């Protein structure tokens with residue numbers, strides 16, 4: 001751990017707007033009084049404490065079952081792709097390997113790295129050391145995602161997941177000529193999502209603005225190079241070579257599995273924070289935030305996707321993005337059950353609870369990406 | 378249940394190192410062990426795991442397990458311990474246990490676990506240990522060992538569950554047909570509490586140089602020694618004890634008494650001890666513990682209340698990896714960015730920046746900032 005990890009530096013806030021940011025604190029609170037916000041927070045705290053006390057064999061059995069499935073799918077996929085020249089085996093292998101990578105990144109990697117299973121003391125489930133089947137090094141993800149994104153969720157200028165420093169995803173972001181390419185950038189980001197997630201931590205836009213120097217990136221790039229190198233070696237050199245005459249078919253299959261995982265995780269993640277109805281916040285309204293206000297911001301800044309049990313597993317239960325943002329370190333397979341209570345609490349407080357099917361949420365994200373390519377607010 | 382024991386296969390012995398690294402490259406980022414263990418839980422190319430092959434309950438409050446480790450176990454020296462991990466109610470717990478076996482019988486070895494009142498792992502093992510059970514281990518470690526060139530005269534003193542490392546030393550010396558005098562002094566409350574009674578009697582009978590003296594503090598007259606440790610016991614064990622190397626392991630009062638005796642003689646360099654049963658005052662408020670502990674990575678904060686940094690971390694919901702919880706194994710060592718802490722073992726306070734600390738044996742003595 002480098003010493004800079006001890007106290008991650010907060011990004012300097014640059015207002016992109018020309019006029020001063022309006023103070024929106026009343027908006028964050030909606031119609032609630034400060035006391036109501038705190039009692040809302042207390043009810044969520046109570047859910048958290050109850051679930052923490054319930055954790056046990058059921059949770060560990062669940063995640064180990066998912067891990068066995070993932071490793072099994074991976075072995076089956078790699079096995080079939082040894083003879084990737086045969087079209088049915090190519091198709092079967094790609095399907096199994098794609099599912100393996102999706103499970104590994106979403107339900108296993110993302111959730112373990114949040115510390116959801118640290119209470120087990122099992123080193124193979126430990127957040128601090130887990131590595132996923134993805135070019136982005138776990139340590140960098142833990143910083144950019146667990147800390148930067150989950151702490152500053154949907155705060156303009158602070159949450160770098162808002163558009164990934166690349167897209168115009170909020171009408172509060174000032175339009176510039178380069179934003180005409182918004183849909184193209186979004187498509188490229190989706191296709192190369194694991195590389196985008198990796199490059200995310202470089203904070204290239206802060207170099208362009210002069211806040212960060214290229215030299216500072218060296219240690220980051222070295223770690224990225226090592227991780228990405230191992231991933232590329234496995235997917236694009238070793239396994240293709242092992243498959244002999246199927247070399248090219250095997251290589252194409254591995255690239256397809258990576259692509260499938262990229263498109264899927266992009267879809268799920270963009271549906272979590274960018275559909276219509278999700279709110280963004282200005283830094284001013286979140287300074288000195290209370291526990292209740294933090295909960296409220298997580299709720300208002302996230303959106304759920306409805307679906308069946310298998311869909312929830314393949315999305316890493318990020319289809320319960322609201323519950324994930326309220327309780328990022330509770331085992332994600334419990335979100336479905338928790339969501340019933342959260343929803344009921346929101347109804348009682350008259351708060352929005354953004355939940356819709358995949359088609360509707362993703363459609364609204366796509367429309368937003370196209371609309372914000374133009375200088376509209 | 379197993380009718381016949383099949384030793385865990387040593388995977389490493391069959392795979393050359395180069396082959397393992399090739400497999401790891403294919404299994405990146407998880408490594409080949411994460412796949413092997415799904416086939417057989419004892420399989421690993423790196424980690425030490427063992428299967429329980431025999432369980433004996435020699436006394437009412439102890440359980441003796443014979444373990445067969447996989448190929449990653451590299452043996453041990455007499456007196457060393459291993460850190461054993463078991464899963465209880467889905468949570469993995471690790472404790473240090475000394476190996477009781479002769480170092481010359483390293484393939485299959487014994488741990489004798491005494492049930493600690495109010496403990497967690499020892500009562501669990503007493504109740505649940507069974508043939509075929511899988512446990513995690515670490516390579517043997519510890520400095521409480523016989524030197525490679527064996528001392529001529531040896532005095533081994535133990536109390537309660539401290540018997541295991543010194544029994545390992547005695548068994549090792551017997552296997553080596555050591556000729557010099559070896560005295561084995563053991564204290565327990567009752568005769569029935571003492572494990573290995575029959576074997577010790579047999580060793581004393583078979584080896585004329587071995588003398589076994591037992592003291593049962595609640596049953597005067599039953600053993601060879603009465604009352605607590607005293608000078609007379611030492612003389613009875615070996616009249617020339619000043620020229621012997623003495624090894625002691627047991628509860629704190631016994632260790633202190635022996636240490637004080639050697640200190641008076643100026644012979645501390647001939648005394649070797651292992652404070653395994655030492656109970657640190659970690660759960661009682663340490664006088665003068667104060668300040669705020671800030672866990673930098675998680676953003677949590679807690680006021681000092683006398684508990685150790687490890688307990689404070691757990692109180693705010695963190696789960697730092699740890700082992701012995703008594704300052705031995707260094708598993709819980711974490712970096713303190715800055716702060717003032719007191720070492721529970723020495724009572725000494727110090728202020729430092731960027732220092733590695735054992736969380737389990739330090740209490741805050743001022744504000745502390747930790748990388749957790």
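Protein chains in written order, with our numbering: chain A, 1 to 377; chain B, 378 to 749.
C-beta atoms are modelled at their ideal positions from N, C-alpha and C, and glycine is treated no differently.
Quick caveat, the model's predicted, so the values are computed rather than measured.
With a Cβ-Cβ cutoff of 9 Å, do residue i and residue j count as a contact?
i              : j              : result
residue 399(A) : residue 325(A) : Here chain A covers residues 1 to 377 and nothing more, so residue 399(A) does not appear.
residue 82(A)  : residue 242(A) : yes
residue 262(A) : residue 180(A) : no
residue 234(A) : residue 198(A) : no
residue 645(B) : residue 534(B) : no
residue 41(A)  : residue 293(A) : yes
residue 93(A)  : residue 253(A) : yes
residue 60(A)  : residue 125(A) : yes
residue 96(A)  : residue 74(A)  : yes
residue 625(B) : residue 559(B) : no
What would DSSP say about residue i, mapped onto helix, strand or coil?
i              : result
residue 99(A)  : helix
residue 610(B) : helix
residue 261(A) : helix
residue 279(A) : coil
residue 676(B) : coil
residue 304(A) : strand
residue 648(B) : strand
residue 38(A)  : helix
residue 327(A) : coil
residue 366(A) : helix
residue 135(A) : coil
residue 442(B) : strand
residue 346(A) : helix
residue 709(B) : coil
residue 536(B) : strand
residue 155(A) : strand
residue 552(B) : helix
residue 636(B) : helix
residue 266(A) : helix
residue 187(A) : helix
residue 376(A) : coil
residue 749(B) : coil
residue 23(A)  : Because residue 23(A) carries a pLDDT of 44, less than 50, the predicted location of this residue cannot be relied on, and the following value inherits that uncertainty. Three-state result, residue 23(A): coil.
residue 93(A)  : helix
residue 470(B) : strand
residue 6(A)   : With a pLDDT of 30 at residue 6(A), under the threshold of 50, the predicted position of this residue should be treated as unreliable, though the coordinate-derived value follows. Three-state result, residue 6(A): coil.
Residues of chain B with CB under 8 Å from residue i, in chain order?
i              : result
residue 132(A) : 406
residue 124(A) : 411
Which residues of chain A have a Cβ atom closer than 9 Å to the Cβ of residue i, listed in chain order?
i              : result
residue 563(B) : Going along chain A, no residue has its Cβ under 9 Å from residue 563(B), so there is no contact; the nearest lies around 34 Å.
residue 403(B) : 78, 234, 238, 239 and 242
residue 412(B) : 71, 74 and 75
For residue i, return the contacting residues in chain D, with the cut-off set at a CB-CB distance below 7 Å.
i              : result
residue 210(A) : The structure shown has no chain D; the protein chains it does contain are A and B.
Check the Cβ of residue i against every Cβ in chain B and list those closer than 7 Å, keeping chain order.
i              : result
residue 195(A) : Result: empty, since nearest Cβ-Cβ is about 16 Å, beyond 7 Å.
Residues of chain A with CB closer than 7 Å to the CB of residue i, please, in chain order.
i              : result
residue 415(B) : 68 and 71
residue 696(B) : 118, 119 and 121
Run down chain A in chain order and give the residues with a C-beta less than 8 Å from the C-beta of residue i.
i              : result
residue 482(B) : Here the premise fails: no neighbours, minimum Cβ distance about 30 Å.
residue 633(B) : Going along chain A, no residue has its Cβ under 8 Å from residue 633(B), so there is no contact; the nearest lies around 33 Å.
Among the residues of its own chain, which have a CB less than 6 Å from the CB of residue i, if the five just before and after it don't count?
i              : result
residue 727(B) : none
residue 442(B) : 429, 432, 488 and 506
residue 185(A) : 166 and 167
residue 659(B) : Any reading at residue 659(B) must be qualified, since the residue scores a pLDDT of 39, below 50, and its modelled position is unreliable; the value itself is stated next. If we look at residue 659(B) and ignore the five residues flanking it on each side, its Cβ neighbours are 685.
residue 572(B) : 435, 436, 439 and 489
residue 753(B) : In the structure displayed, chain B extends from 378 to 749; residue 753(B) sits before or after that span and is not available.
Please go through the same chain and pick out, in chain order, the residues whose beta-carbon is closer than 8 Å to the beta-carbon of residue i, but skip the five residues on each side of it.
i              : result
residue 669(B) : 678, 679, 680, 681, 741, 744 and 745
residue 43(A)  : 345
residue 731(B) : 712, 713, 714 and 715
Taking only heavy atoms of the ligand FMN into account, decide whether any of them is closer than 8 Å to the Cβ of residue i.
i              : result
residue 125(A) : Absence of the ligand FMN from the depicted structure is noted, as is the absence of any ligand whatsoever, leaving it without description.
Name, please, each residue of chain B whose Cβ falls closer than 9 Å to the Cβ of residue i.
i              : result
residue 230(A) : 402, 405 and 406
For residue i, which residues in the same chain have their Cβ closer than 7 Å to its Cβ, ignoring the five residues on either side in sequence?
i              : result
residue 608(B) : 638
residue 100(A) : 70, 73, 74 and 77
residue 236(A) : 251 and 254
Mind checking the stretch 63-79 of chain A against chain B and listing, in chain order, the residues whose C-beta falls within less than 9 Å of any C-beta there?
-> Only 67, 68, 71, 72, 74, 75 and 78 from the stretch 63-79 of chain A bring a Cβ to less than 9 Å from some Cβ of chain B.
When Cβ atoms are compared, which residues of the stretch 448-476 of chain B fall closer than 9 Å to chain A?
-> 462, 464, 466, 467, 468, 469, 470 and 471
Closer than 9 Å, Cβ to any Cβ of chain B: which residues of the stretch 50-64 of chain A, in chain order?
-> 52, 55, 56, 57, 58, 59, 60 and 61
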